[in-house]
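A quick write-up on the structure given underneath.
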Amino acid sequence: MDYENSTHVKSWTFTPQQLEQLRARANQEALLFLEKQQQQSLSLSLSLSDAAKATGAQAQGGNTESLVLAQSFAKDYKFTNNDAHAPMNTSMEMEEPASSTILTPEEELTLIKFYSSKLLTLIGPSATHPKLKRDIKVASTASLLLKRFYLSNSITLFDPKTIMVASAFLASKVEDATCDVRYVEDGTRAMQAHVKIKEIIEAEIALVKGVDFDLCCFHPYKVVLAYTEDLRSFLKSKDGKHCVTVLSACNDNNVNVQRELVSGEDLRPIYDKARDIVQQLVFGSDVMLLASPGKIGLVAMMLANKILLQSQDENFKKDGDQDGGGSTVVKINFREYLRCRFAEERKEHEIEALWQEIGDLSQVVQNAVDQLLLQPEPDMVALKGVHKKLKKCRIWGNDDKKKKKKKRKHGEVDGDK
Numbered sequence: 076m077d078y079e080n081s082t083h084v085k086s087w088t089f090t091p092q093q094l095e096q097l098r099a100r101a102n103q104e105a106l107l108f109l110e111k112q113q114q115q116s117l118s119l120s121l122s123l124s125d126a127a128k129a130t131g132a133q134a135q136g137g138n139t140e141s142l143v144l145a146q147s148f149a150k151d152y153k154f155t156n157n158d159a160h161a162p163m164n165t166s167m168e169m170e171e172p173a174s175s176t177i178l179t180p181e182e183e184l185t186l187i188k189f190y191s192s193k194l195l196t197l198i199g200p201s202a203t204h205p206k207l208k209r210d211i212k213v214a215s216t217a218s219l220l221l222k223r224f225y226l227s228n229s230i231t232l233f234d235p236k237t238i239m240v241a242s243a244f245l246a247s248k249v250e251d252a253t254c255d256v257r258y259v260e261d262g263t264r265a266m267q268a269h270v271k272i273k274e275i276i277e278a279e280i281a282l283v284k285g286v287d288f289d290l291c292c293f294h295p296y297k298v299v300l301a302y303t304e305d306l307r308s309f310l311k312s313k314d315g316k317h318c319v320t321v322l323s324a325c326n327d328n329n330v331n332v333q334r335e336l337v338s339g340e341d342l343r344p345i346y347d348k349a350r351d352i353v354q355q356l357v358f359g360s361d362v363m364l365l366a367s368p369g370k371i372g373l374v375a376m377m378l379a380n381k382i383l384l385q386s387q388d389e390n391f392k393k394d395g396d397q398d399g400g401g402s403t404v405v406k407i408n409f410r411e412y413l414r415c416r417f418a419e420e421r422k423e424h425e426i427e428a429l430w431q432e433i434g435d436l437s438q439v440v441q442n443a444v445d446q447l448l449l450q451p452e453p454d455m456v457a458l459k460g461v462h463k464k465l466k467k468c469r470i471w472g473n474d475d476k477k478k479k480k481k482k483r484k485h486g487e488v489d490g491d492k
């Protein structure tokens with residue numbers, strides 16, 4: 076599939092400002108929906124009250140929940156909002172209680188990231204259920220579909236847990252690694268977050284509508300592998316030797332010994348570390364919505380090389396490598412690599428412009444990785460606060476509340492007997 080002509084690059088790559096505007100719009104439209112629902116509920120209550128007075132009958136409450144349809148305005152946002160207009164005001168004061176308790180876009184994003192991180196437990200190489208073990212790209216596609224959906228929709232209208240499970244089920248089909256929906260339900264049980272098959276199917280329909288039936292997803296994993304294979308051969312060439320320094324194990328005098336040739340195993344630490352970085356970015360940040368997988372993969376390798384070199388320096392300063400058994404670290408000049416490798420395909424100024432873009436993205440990726448390192452686990456206190464606030468304004472989950480109340484009532488009656 077041609078990435079350059081795909082909808083992934085045309086419709087689902089944004090700037091940080093556009094992401095902020097989209098989430099603010101989704102949050103605002105959820106607020107307007109809740110306000111409209113409350114007005115309808117109030118009108119219905121008054122009508123029933125008047126009817127009861129006229130007939131002498133007792134007024135009965137009705138179900139005022141309107142049919143919620145998933146939106147997909149994020150897909151065409153870049154084309155319909157070239158002026159990057161400011162998002163709607165979400166801080167307006169409303170008389171109804173829902174508006175004062177609705178989640179902010181930042182609080183919604185906290186929950187979205189939390190459920191995205193749980194996808195690896197549901198489906199993927201480390202899935203809890205053995206029948207749901209799949210390649211990492213399945214979980215990555217699920218994460219991307221989940222984030223795309225909530226660019227146009229709010230978690231106050233759509234349960235993030237069921238959408239997360241539906242994303243995993245849909246992603247398995249998108250990546251040609253289909254799993255039985257019954258196993259998906261069993262997987263949610265294993266996570267102690269049971270979602271019924273009926274709920275999964277209904278959420279999948281909403282999910283597909285919310286991404287406008289656009290399921291095309293690309294990931295940087297293959298990019299990291301492609302760059303590793305290319306470097307393996309290129310760094311052995313005449314031009315490639317000028318782009319790399321191989322710092323081998325320290326000798327008896329604790330001096331780094333430089334080797335001239337690069338073997339495939341010399342690049343393995345960079346490859347492994349870059350894949351780890353990509354996985355962190357996919358499930359814990361918005362980077363996949365900001366740049367192409369090609370650039371993200373290259374930046375991940377650059378950052379991996381930097382981290383490995385820093386780790387070697389720290390270990391040397393700490394231990395002095397007294398046994399002379401340090402590992403081999405390859406120091407790659409990626410700027411020179413791009414210039415030499417693509418000199419025949421692109422002009423000098425094009426390569427410099429590309430390097431500038433890579434530099435800007437590197438800072439974004441570095442900040443994202445630093446944030447994930449500072450807080451590798453979610454802040455459960457903050458999450459509980461957001462969940463508590465969500466319960467006051469969500470429109471889903473009401474049936475479960477009614478069932479629990481009925482069970483309590485039945486239990487009280489049985490106890491009286």
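Going by the working numbering, the sequence shown opens with residue 76, and the numbers climb by one from there. Don't be surprised by glycine CBs; every beta carbon is placed ideally from N, CA and C. Note that the coordinates shown come from a computational prediction; the quantities given were computed from them, not determined experimentally.
If the five residues before and after V298 are omitted, its C-beta is found closer than 6 Å to the C-beta atoms of P368, G369 and G372, all from its own chain and listed in chain order. A99 is positioned such that its CB atom lies closer than 9 Å to that of P180.
When the five nearest sequence neighbours on each side are left out, the beta carbons in the same chain lying within less than 7 Å of the beta carbon of A241 are those of I275, A278, E279 and L282, in order along the chain.
T82 sits in a helix when the DSSP states are folded into three classes.
Just so you know, the alpha carbons of G359 and K348 end up roughly 16 Å apart. When C-alpha distances from Y258 are compared across L197, A214, L310 and D445, the shortest belongs to L197.
In the structure shown, L365 falls within a coil segment according to DSSP collapsed to helix, strand and coil. Cβ contact annotation for Y302 (same chain, cutoff 8 Å, sequence separation greater than five): G372, L373 and M376, in chain order. Each residue's CA atom was taken as its position, placing T320 and D341 some 11 Å apart. As the crow flies, the alpha-carbon of L378 is around 33 Å from that of P205. Look at L220 here: in three-state DSSP terms it is helix. Considering only F148, T90, C318 and V362, the residue with the shortest C-alpha distance to P295 is V362. By the Cβ rule, the segment 224-237 counts as touching the segment 457-470, because three or more pairs are nearer than 8 Å. Scanning the segment 175-224 from its first residue to its last, the whole alpha helix (DSSP H) runs of 4-plus residues come out as 180-192, 194-197 and 211-224. When the five nearest sequence neighbours on each side are left out, the beta carbons in the same chain lying within less than 8 Å of the beta carbon of M239 are those of Y190, S191, K193, L194, L197, A217 and L221, in order along the chain. Residues of the same chain with a CB within less than 6 Å of the CB of A105, apart from the 5 flanking positions on each side, are S229, T231 and L232 in chain order. Check the Cα spacing between V404 and each of V337, V456 and D445: the tightest is with V337. Here R223 is not near E250, since their CB atoms are 9 Å or more apart. If you ignore the 5 residues before and after F89, its C-beta comes within less than 6 Å of the C-beta of L364, all in its own chain and listed in chain order. C-alpha of I211 to C-alpha of K248: approximately 14 Å in a straight line.
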